[in-house]
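Each residue of the sequence shown is one higher than the last, beginning at 736 in my numbering.
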Amino acid sequence: MKLDLGRAWNDATALLSANKDVIGIVAGVFFFLPYLALSLLMPEAAQPQINNPEDIDAVMEALGAIYAENWWIFVLTSVLQMIGMLALFALLTDRARPTVGEALKRGTTGFPSYLAAQILVAVAIGFVGGLLAVISPFLIILAIPIIFYLLVKFSLIGAVIGIEQTLNPFAVLKRSWQLTKGNSFRIFFFFFLILLSLMIISLIVTMIFGVVFAAAGGQIELIGNGIVGSLVNAIFAIIFLGVLASLHRQLAGPNAEALSETFE
Numbered sequence: 736m737k738l739d740l741g742r743a744w745n746d747a748t749a750l751l752s753a754n755k756d757v758i759g760i761v762a763g764v765f766f767f768l769p770y771l772a773l774s775l776l777m778p779e780a781a782q783p784q785i786n787n788p789e790d791i792d793a794v795m796e797a798l799g800a801i802y803a804e805n806w807w808i809f810v811l812t813s814v815l816q817m818i819g820m821l822a823l824f825a826l827l828t829d830r831a832r833p834t835v836g837e838a839l840k841r842g843t844t845g846f847p848s849y850l851a852a853q854i855l856v857a858v859a860i861g862f863v864g865g866l867l868a869v870i871s872p873f874l875i876i877l878a879i880p881i882i883f884y885l886l887v888k889f890s891l892i893g894a895v896i897g898i899e900q901t902l903n904p905f906a907v908l909k910r911s912w913q914l915t916k917g918n919s920f921r922i923f924f925f926f927f928l929i930l931l932s933l934m935i936i937s938l939i940v941t942m943i944f945g946v947v948f949a950a951a952g953g954q955i956e957l958i959g960n961g962i963v964g965s966l967v968n969a970i971f972a973i974i975f976l977g978v979l980a981s982l983h984r985q986l987a988g989p990n991a992e993a994l995s996e997t998f999e
């Protein structure tokens, strides 16, 4: 079926509006608080201390040292966000109206499958890039559109696991590929517009508040920027998850439960 981008956006906003209370709880615990903890406890991760900020190698070396020393914190944060993401898919779309606890249980159950599917995608992308690089270093440029294509094709992995409760990683990849068939370019364009808009808004918001908090300086600047940045990241994560849920709903079509309710 042909994807209706306007309908996808309207459905996303409707889903978020109808479930704002429970979404706020999950997003606060699994997105806002982890971001805030990282920004307050590890401010050097966002602004590494280096002598020459224009030296890319020095920047990468500093970041590498930070991640190597605190890898477990980033892993724990990623795990929490993956579980929260899958739980939000259940809260947004399940007509049985699961409780937050039930949704989190589904998120925890689906986490291993989501991780395995993402590893398979990473292996596929690495294989394509490596193969082209071996053939010719110039061909690595061709890997860029291929990588974007694969990312779009597998963009509904989380939705398939969280909504359809499919746990076989290979079946999840196949299902995401099938759902996006015939709409890959439209989905890419949709993602591009959303991410571009969110990046611009994020830049404006953080710059405005950054100037205000910089005038105060000290701990106020650190805490203020941390709260604003974490809030912006959490809101944007929720919006994007709502978009993914609406895309899945439209591309998957009405399920049996929805059809039965239509004729009641």
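Ideal Cβ placement from N, Cα and C applies to all residues, glycine included.
The model shown is predicted, which means the values in this text are computed figures rather than measured ones.
Own chain partners of residue i with C-beta closer than 7 Å, once the 5 adjacent residues on each side are dropped
| i | result |
| --- | --- |
| residue 873 | none |
| residue 893 | 820, 821, 824, 849, 979 |
| residue 967 | 937, 940, 941 |
| residue 854 | none |
| residue 860 | 882, 885 |
| residue 958 | 775 |
| residue 931 | none |
| residue 901 | 895, 907, 910 |
Under 8 Å between C-beta atoms of residue i and residue j
| i | j | result |
| --- | --- | --- |
| residue 822 | residue 761 | yes |
| residue 981 | residue 743 | yes |
| residue 896 | residue 887 | no |
| residue 936 | residue 758 | no |
| residue 754 | residue 777 | no |
| residue 961 | residue 768 | no |
| residue 954 | residue 738 | no |
| residue 877 | residue 885 | no |
| residue 923 | residue 883 | yes |
| residue 987 | residue 770 | no |
| residue 846 | residue 818 | yes |
| residue 944 | residue 956 | no |
| residue 740 | residue 925 | yes |
Exposed unless 16 or more other CB atoms sit within 10 angstroms - verdict on residue i
| i | result |
| --- | --- |
| residue 802 | exposed |
| residue 858 | exposed |
| residue 880 | exposed |
| residue 1000 | Missing from the structure shown is residue 1000; the chain here goes from 736 to 999 and no further. |
| residue 963 | buried |
| residue 834 | exposed |
| residue 766 | buried |
| residue 904 | buried |
| residue 927 | exposed |
| residue 856 | buried |
| residue 773 | buried |
| residue 898 | buried |
| residue 993 | With a pLDDT of 48 at residue 993, under the threshold of 50, the predicted position of this residue should be treated as unreliable, though the coordinate-derived value follows. Exposed, because fewer than 16 other Cβ atoms sit within 10 Å of the Cβ of residue 993. |
| residue 965 | buried |
| residue 842 | buried |
| residue 918 | buried |
| residue 747 | buried |
| residue 700 | The question about residue 700 has no answer here: the residues shown for the chain are numbered 736 through 999. |
Own chain residues within Cβ distance below 6 Å of residue i, not counting five before or after
| i | result |
| --- | --- |
| residue 891 | 911, 914, 983 |
| residue 839 | 822 |
| residue 815 | 765, 769 |
| residue 933 | 971 |
Close beta carbons around residue i, own chain, < 8 Å, minus the five adjacent residues each side
| i | result |
| --- | --- |
| residue 763 | 969 |
| residue 751 | 758, 827, 973, 974, 977 |
| residue 875 | 864, 867, 868 |
| residue 837 | 825 |
| residue 951 | 959 |
| residue 946 | none |
| residue 929 | 974, 975, 978 |
beta-carbon residue i near the ligand NAP non-hydrogen atom, thresh 7 Å
| i | result |
| --- | --- |
| residue 802 | As for the ligand NAP, it is missing from this structure, which has no ligand bound. |
Those runs of the alpha helix (DSSP H) which lie wholly inside the segment 905-990 and span at least 4 residues: Within the segment 905-990, the complete alpha helix (DSSP H) runs of at least 4 residues are 919-951, 953-987.
Suppose only complete runs of 3+ residues qualify. What are the beta strand (DSSP E) ranges in the segment 816-874, listed by chain order? Taking only runs of at least 3 residues, no beta strand (DSSP E) segment lies wholly in the segment 816-874.
Mind pulling the alpha helix (DSSP H) runs of 4 or more residues that sit fully within the segment 741-786? Runs of alpha helix (DSSP H) with 4 or more residues, each lying fully within the segment 741-786, are found at 755-762, 768-776, listed in chain order.
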